[in-house]
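Worksheet for the structure shown next.
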Amino acid sequence: MVDTVAPIPVLAAGGVTKGGAFVRSRKTVSGAYCITSRSRRQNEGMRMSRTVAQMIVEVLEQVGVKQIFGLIGDSLNPLGDAVRRSNIEWIGVRHEEGAALAAAGQAQLTGRLAVCAGTTGPGSNHLVAGLYEANRNHAPVLALSGDMSRRLKGIEFVQSTEPDLLFRDVSLYTQTISSPAQAASVVQQAIATAYAGPGVAHLTLPQDVLSEAAHGEPTSLATLRPRNEVSPLDAEVDELARRINEAHSVVAMCGFGCHGAADLVRQLSDRLKAPLVHTMRGKDILPYDDPRWMGGLGMIGTRPVYSAVQHSDLLLMLGTDYPYSNFLPAHGNVVQVDERAAALGRRTRTSYAIVGSVRPTLELLLTKLKPKNDATFFDRVKNERAKWDGMLDQQANLSRSQHKIHPQAVARTVSDLAKQDAVFVLDTGLNTLWSGNWIRQSGGQRIVGSFNNAAVGTALGQANGIQALDRGRQVIVLTGDGGFNMLMGEFMTAVQHKLPVKVVIFNNAALGLITLEAESVGMVPFREAIEFPNPDFVALARACGAKGFSAKTPENLLPAIIEALSCEGPAIVDCRVASDEMPNIPHLEFEQARGYAMAKIREAIAAVVGG
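All residue numbers for the sequence shown refer to my numbering, where the first residue is -11 and numbers rise by one.
Right, here's the structure in full:
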């Protein structure tokens, strides 16, 4: 006779172990396994003897974690042994920053908990820089720091640090598990906080505690999930609708919070005859060729969008905390919808704001908005956008130069050849402008980057994490040579773990954005600090056991990218691009224009007289 009991995690496929033998047990209606009362008691005994490390890994399995990114070390050996016996994949990286970036990339794309780990002292310290990506992008990540045994604390032992102090700025929650008795509750709290933020939670794991027997387990795993959408108050939506109805021309600015609400923002545009503009994190919400989707604002944007935002009667900011206030209108007729109360009104003078997620807010708002019939403003922006797009097409044309590859052509070629569900991962630098302005997204593609943190060298690590979610999905890194150099070892991580990321390098042998930044304030660029030699990236790829391709002239750019995107494993495309290309600047203030002019004059003088 089989007693009916609550389902428990299965220790072996189709049953549980009993005295070393495999015992088949029947399934419940839900597909989980039940066991006999005697087997249950034996299994409970086994669970009582589980180590803290095993308990942590089991919890991570149960909340849906598929991989842990990290570098193994002595203090993490108990955790590594528990992972080895689990269904979680350990992805060993070449640098712990790469582990944090991989977790951040996963969490940003999915909204689900991702995990990274580093060992005692320096190993965990290396996580911090990468964790700022999750922190600034509000992505749920659990960071695990191995630590020395408790008996060695406080005596300046080798690699001794205070991780809870170090991680305090980057984490919403940081705690040391100092005894097995607190472990279950602390793990529960850490994951709950990561989801609640969302953001980074950090745990320090002394080696001796990891190896001790766990006391219980988290009792409320069902609560550990992404937070729900926030619905606004009806009265607030009424007031927002009143303000929008009174405005003659409206522009809707769509940020990351509009993901999942594409159909609703289309309806909003049609109802109000409102141009839709986007932040960089919102660029992939709609396809590039949607007639409502006018382009981005700022350096990764267009002049028609800047003009529309400045001259509209009302700017509606949806799910965005756009940081560049100089591109936002100063007239104060701005209204905002965001589920983060702290983000309301802090970028520009704002007349009204609602705490609410975009999707439920728009569902309510659309029932209260009066249709606008005058499309004059919308059509003017649309026509100006078409002219701007024509200019972008000319700049990306491979026939512009016979011997020189213009960086715009690299981004456009990759965009044209990418699969309809590809993920583009952009690094930070001048290459961000080329990619952000010349990629033509399909609507089914995603675009990820360090858009809030603006850190160089992040793309490859994030791409590895995203690729690990689905090795069959196309993941393309677009990076400058400076950014790739920073963590190029993570390409070997991709090779080892069969992560078929494709890395496209804008190779100009310089930190191009630093040149632009110096010239914008009238300074002669410090060439000795900005320019650098590069390794042979094609040879590097092949030395790692991957494919490498080179594009030095316009005629071999297209075949190089076609071959790279079609090969099975990881690949690098080294694109030698023009180093003197200037990006389009949609809004150039007088001081910046004067700065560029002064810098060019000083450079010319220096070339003649030296200095």
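Beta carbons: idealized from backbone N, C-alpha and C, even for Gly.
(request) Report yes or no: do the stretch 207 to 215 and the stretch 338 to 349 share at least 3 C-beta pairs separated by less than 8 Å? (result) no
(message) Can you list, in chain order, the residues of its chain with a C-beta nearer than 6 Å to that of Leu260? Leave out the 5 residues immediately preceding and following it.
(response) Val238 and Lys360
(message) Using the three-state DSSP reduction, which class does Lys486 fall into: helix, strand or coil?
(response) coil
(message) Between which residues of its own chain and Val369 is the CB-CB distance below 7 Å, once the five residues before and five after are set aside?
(response) Pro263, Met282, Pro292 and Ala296
(request) Could you spell out where the alpha helix (DSSP H) holding Thr98 opens and where it closes? (result) Glu84 to Thr98
(message) So if DSSP puts Glu77 in a beta bridge, which residue, or which two residues, is it bridged to?
(response) Gln55
(request) Please classify Phe494: is it buried, with 16 or more other beta-carbons within 10 angstroms of its beta-carbon, or exposed? (result) buried
(message) Distance check for Ser257 and Leu193, CA to CA, integer angstroms please.
(response) 51 Å
(request) Give me the Cβ distance between Gly111 and Gly134, rounded to the nearest whole Å; I'm assuming they're in contact under 8 Å. (result) 7 Å
(message) When you compare the CB positions of Pro317 and Leu304, do they come within less than 8 Å of one another, or not?
(response) no
(request) Please classify Phe472: does DSSP put it in a helix, a strand, or coil? (result) helix
(request) Would you mind sorting Lys358 into buried or exposed? The rule is 16 or more other CB atoms within 10 Å of its CB. (result) exposed
(request) Determine the direct distance from the alpha carbon of Val561 to that of Gly533, and round the result to whole angstroms. (result) 15 Å
(message) Only counting the same chain, and skipping five residues up and downstream in sequence, which positions put a Cβ closer than 6 Å to that of Phe57?
(response) Ile79, Val81, Ala87, Ala90, Ala91 and Cys104
(message) Classify Glu85: buried if its beta carbon has 16 or more other beta carbons within 10 angstroms, exposed otherwise.
(response) buried
(request) Within 10 angstroms of the Cβ of Val146, are there 16 or more other Cβ atoms? Answer buried if so, exposed if not. (result) exposed
(message) Residues in the same chain with beta-carbon distance under 6 Å from Gly557, minus the five sequence neighbours each way, listed in chain order, please.
(response) Pro488 and Ala534
(request) Please confirm whether His83 and Glu543 have their CB atoms less than 8 Å apart. (result) no
(message) Going by DSSP in three states, Leu332 sits in which element: helix, strand or coil?
(response) coil
(message) Helix, strand or coil, according to DSSP, for Tyr310 in the structure here?
(response) coil
(request) Drop a sphere of 10 angstroms on the beta-carbon of Gly142, count the other beta-carbons inside from all chains shown, and report buried for 16 or more, exposed for fewer. (result) exposed
(request) Assuming Val265 and Gly248 form a contact by the criterion Cβ under 8 Å, report the distance between their Cβ atoms to the nearest whole angstrom. (result) Actually they do not touch by this definition, with Cβ atoms about 19 Å apart.
(request) Locate the beta strand (DSSP E) running through Leu132, then write down its first and last residues. (result) Val129 to Asp135
(request) Specify the secondary structure class of Gly283 as computed by DSSP and reduced to three states. (result) strand
(request) Pair every Cβ in the stretch 167 to 175 with every Cβ in the stretch 113 to 122, then say whether three or more of these pairs are closer than 8 Å. (result) no
(request) With a 10 Å radius around its C-beta and 16 neighbouring C-beta atoms as the bar for buried, classify Ile550 as buried or exposed. (result) exposed
(message) If contacts are defined as beta-carbon pairs under 8 Å, then Ala566 and Pro395 qualify, I think. What distance do you get, rounded to the angstrom?
(response) 7 Å
(request) Consult DSSP for Pro194 and reduce its assignment to one of helix, strand or coil. (result) strand
(message) So, with DSSP's three-state summary, where would you put Val40?
(response) helix
(message) Cutting at 6 Å between CB atoms, please list the residues of its own chain near Gln195, excluding the five before and the five after it.
(response) Ser63 and Ser137
(message) Checking 8 Å against the spacing of the C-beta atoms, do Ala250 and Leu221 come in under that value?
(response) no
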